[in-house]
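Colleague: Heads up: the sequence shown begins at 7 in my numbering, then just goes up one per residue. Can you read through this structure? Questions will come right after.
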Amino acid sequence: MSGPIILNLETSEFFDTYIDSEFWQENAKSKLIEMLVNTCKDAEDYKKSRINNRNKISTSHNAICISGSRGAGKTVFLRNTESIWKK
């Protein structure tokens, strides 16, 4: 992370508002993007491999675990993932 963390205490935590300057989970954001890109690439590769062999079935579940203690911001992070991914 390169800059100071500034938290706007006036912003309600119940709305799905994503503002880059207020997002403080930069490491998690970068890791999520990396994991989603890899998952998409794996899905494309799997689709291509099934063209030649329809009987080949993958046992991968492609899940991403978001963990943290109570109050760590898991829910807010997950609620903002769509906006993160669109950027």
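Backbone N, C-alpha and C define an ideal beta-carbon position, used for all residues, glycine too.
Does the count of Cβ pairs from the region 70–88 and the region 30–41 closer than 8 Å reach three?
Modeller: Touching, yes, given that three or more Cβ pairs across the two stretches are closer than 8 Å.
Colleague: Can you round the beta-carbon distance between Arg56 and Lys47 to whole angstroms, since I take them to be within the 8 Å contact cut?
Modeller: Not confirmed; about 15 Å, so no contact.
Colleague: Determine whether the beta carbon atoms of Asn68 and Thr45 lie at a separation below 8 Å.
Modeller: Taking 8 Å as the Cβ cut-off, Asn68 and Thr45 qualify as a contacting pair.
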